[in-house]
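Peer 1: Under our numbering, the first residue of the sequence shown carries the number 177, and numbering increases by one thereafter.
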Amino acid sequence: MPFSLEVFDDPRELDRAAARWLAARVRPGAVLGLATGNTPMGMYRELVAMHRRGELSLAGVRTFNLDEYVGLGADDPRSYAAYMLEHLFRWVDIAPGQWHIPDGLNPDPEEEASRYDRLYWELGPCDVQVLGIGRNGHIGFNEPGTPFDQGTHVVELAWETRLANAEAFGSPEAVPERAITLGIRNILAAREILLLAKGASKAEAVRRALEEEPSPDLPASALQLHPRVTVYLDREAARAISRP
Ligand code: PGA
Numbered sequence: 177m178p179f180s181l182e183v184f185d186d187p188r189e190l191d192r193a194a195a196r197w198l199a200a201r202v203r204p205g206a207v208l209g210l211a212t213g214n215t216p217m218g219m220y221r222e223l224v225a226m227h228r229r230g231e232l233s234l235a236g237v238r239t240f241n242l243d244e245y246v247g248l249g250a251d252d253p254r255s256y257a258a259y260m261l262e263h264l265f266r267w268v269d270i271a272p273g274q275w276h277i278p279d280g281l282n283p284d285p286e287e288e289a290s291r292y293d294r295l296y297w298e299l300g301p302c303d304v305q306v307l308g309i310g311r312n313g314h315i316g317f318n319e320p321g322t323p324f325d326q327g328t329h330v331v332e333l334a335w336e337t338r339l340a341n342a343e344a345f346g347s348p349e350a351v352p353e354r355a356i357t358l359g360i361r362n363i364l365a366a367r368e369i370l371l372l373a374k375g376a377s378k379a380e381a382v383r384r385a386l387e388e389e390p391s392p393d394l395p396a397s398a399l400q401l402h403p404r405v406t407v408y409l410d411r412e413a414a415r416a417i418s419r420p
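1) In this structure, how does DSSP classify R291 when only helix, strand and coil are distinguished?
2) Shorter than 8 Å, the distance from the beta carbon of T322 to the closest heavy atom of the ligand PGA, or not?
3) Below 9 Å between beta carbons: does that hold for I309 and I360?
4) Whole angstroms is fine: what's the gap from G448's alpha carbon to E389's?
5) Along the chain, where does the alpha helix (DSSP H) that runs through T357 open and close?
6) I want to check one thing, is the minimum distance from the CB of G213 to the heavy atoms of the ligand PGA below 8 Å?
7) Check H276 in the structure and name its three-state DSSP category.
8) Does DSSP put T432 in a helix, in a strand, or in coil?
9) From D410 to L281, what does the alpha carbon distance come to, in whole angstroms?
10) How would you label W134, buried or exposed, when you count the other beta carbons within 10 angstroms and need 16 or more for buried?
11) Among R415, A366, V207 and F265, whose alpha-carbon lies nearest the alpha-carbon of A225?
12) Shortest alpha-carbon distance to I277 belongs to which of M219, F324, L234 and A289?
13) Applying the criterion that 16 or more other CB atoms from any shown protein chain within 10 Å of the CB defines a buried residue, is G205 buried or exposed?
14) Using a 10 Å radius around the Cβ and a threshold of 16 neighbouring Cβ atoms, would you call E353 buried or exposed?
15) In chain order, what residues of the same chain have a beta carbon less than 6 Å from the beta carbon of L339, not counting five sequence neighbours either side?
16) Identify whether V134 lies in helix, strand or coil by the three-state DSSP scheme.
17) Roughly how many angstroms lie between the CA atoms of V405 and R192, to the nearest whole one?
18) Using DSSP's beta-bridge definition, name the partner residues of E332.
19) Quick test of the definition: if touching needs 3 or more C-beta pairs under 8 Å, does the segment 225 to 237 touch the segment 195 to 212?
20) Using the rule of at least 16 other Cβ atoms within 10 Å of the residue's Cβ for burial, across every protein chain shown, is L299 buried or exposed?
21) Scan the segment 179 to 234 and note each continuous alpha helix (DSSP H) run of 4 residues or more that stays entirely inside, going in chain order.
22) Looking only at its own chain, which residues have a Cβ that is under 7 Å from the Cβ of A271, when we skip the five neighbours before and after it?
23) Taking 8 Å as the cut-off, is the beta-carbon of I360 closer than that to any non-hydrogen atom of the ligand PGA?
24) What residues in its chain sit with their C-beta under 7 Å from that of D325, if we drop five residues either side in the sequence?
Rendered as structure tokens:
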């Protein structure tokens, strides 16, 4: 199995380890693939703290986020552009124009997905890609059934995903039905991958991702096809795996 796996008793320690992992790969010209959601929030908090202590500069890097909701832009606090500003970009020294997120406000989402894919290959692929995992095993918004060789595309979000993300929107029905996501092809092209998972709700998806035959039924199982994947889990997310 190609994974380097670490399980943390203390979720804060996982956050610190994830921040250290990412910071160690920051150098001028690096291209960082970033994720949103609850899981990496603590990692971003630690990165901001490192920046404040003078231990980290993002001045020379470029970033690509995985995904964005169709119909939402940075002015909407529920957008992933707003999330990234709030949790990282406004607190650090990343240069304007150096971070990239699909434009959820492009009236032609298909065209936006193609534009983002072209930009990804022009400036990337990413040196590192940070990932969370959905309860249904999605990575980015690559829902179950997504072919492993698909590039950036418009996706109909699974009901499970809209349920999981309902809090910010008030109800699952209010969660946008569509999103633009980097594809599994983009994700697998990153030189190194860091997969983060916290909580018992992720335990079964983590087990299937790490231990079952790779299959589009569980998108995160595609990571078994990548040679350099680091997996950081809290104790709860690790409870269904056969090791350690
Ligand atoms: P979460 O989402 O970090 O909010 O649990 C992860 C994901 O759905 O990829």
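Don't be surprised by glycine CBs; every beta carbon is placed ideally from N, CA and C.
Peer 2: Answer, in terms of the structure:
1) As a working note, residue 291 is residue 115 in the sequence shown. If DSSP states are grouped into helix, strand and coil, R291 belongs with the helices.
2) Residue mapping note: residue 322 aligns to position 146 of the sequence shown, counting from 1. Not under cutoff, so the answer is no.
3) Looking up residue 309 in the sequence shown gives position 133. Looking up residue 360 in the sequence shown gives position 184. Against a cut-off of 9 Å, the Cβ pair of I360 and I309 comes out as no contact.
4) Any question about residue 448 goes unanswered here, given that the chain covers just 177 to 420.
5) Taking the first residue of the sequence shown as 1, we reach residue 357 at position 181. Per DSSP, T357 belongs to no alpha helix (DSSP H); it is in the beta strand (DSSP E), R354 to T357.
6) Working through the sequence shown from its first residue, we reach residue 213 at position 37. For G213, the shortest separation between its Cβ and any heavy atom of the ligand PGA lies below 8 Å.
7) On the sequence shown, position 100 is the one that residue 276 refers to. Correct three-state label for H276: strand.
8) Because the chain here runs from 177 to 420, residue 432 falls outside it and cannot be looked at.
9) If you number the sequence shown from 1, residue 410 lands on position 234. If you number the sequence shown from 1, residue 281 lands on position 105. Their backbone Cα atoms lie some 36 Å apart in a straight line.
10) Not covered by the structure: residue 134. The range shown for the chain is 177 to 420.
11) For the purposes of this step, residue 225 is taken as the residue at position 49 of the sequence shown. When only C-alpha atoms are compared, the closest one is F265.
12) Within the sequence shown, residue 277 is the residue found at index 101, counting from 1. The shortest C-alpha separation from I277 is found at A289.
13) The residue labelled residue 205 in the question sits at position 29 within the sequence shown. Exposed, because fewer than 16 other Cβ atoms sit within 10 Å of the Cβ of G205.
14) Residue 353 sits at position 177 when you count from the first residue of the sequence shown. Exposed.
15) Counting from 1 along the sequence shown, the entry for residue 339 is found at position 163. Result list for L339: P348, in chain order.
16) There is no way to answer for residue 134, as the model of the chain reaches only from 177 to 420.
17) Taking the first residue of the sequence shown as position 1, residue 405 is located at position 229. Taking the first residue of the sequence shown as position 1, residue 192 is located at position 16. Distance between the alpha carbons of V405 and R192 is about 18 Å.
18) Position 156 of the sequence shown, counted from the start, is the residue given in the question as residue 332. The partner list for E332 (beta bridge, DSSP) reads R354.
19) yes
20) Position 123 of the sequence shown, counted from the first residue, corresponds to residue 299. By the neighbour-count rule (16 or more Cβ atoms within 10 Å), L299 is not buried but exposed.
21) DSSP assignment within the segment 179 to 234 yields the following whole alpha helix (DSSP H) runs of 4 residues or more, N-terminal first: 187 to 199 and 217 to 228.
22) For this step, residue 271 is matched to residue 95 along the sequence shown. Contacts found: A235.
23) What you label residue 360 is simply residue 184 of the sequence shown in a count that begins at 1. Checking every heavy atom of the ligand PGA against the Cβ of I360, none is found closer than 8 Å.
24) In the sequence shown, the residue the question calls residue 325 occupies position 149. These residues qualify, in order along the chain: R361.
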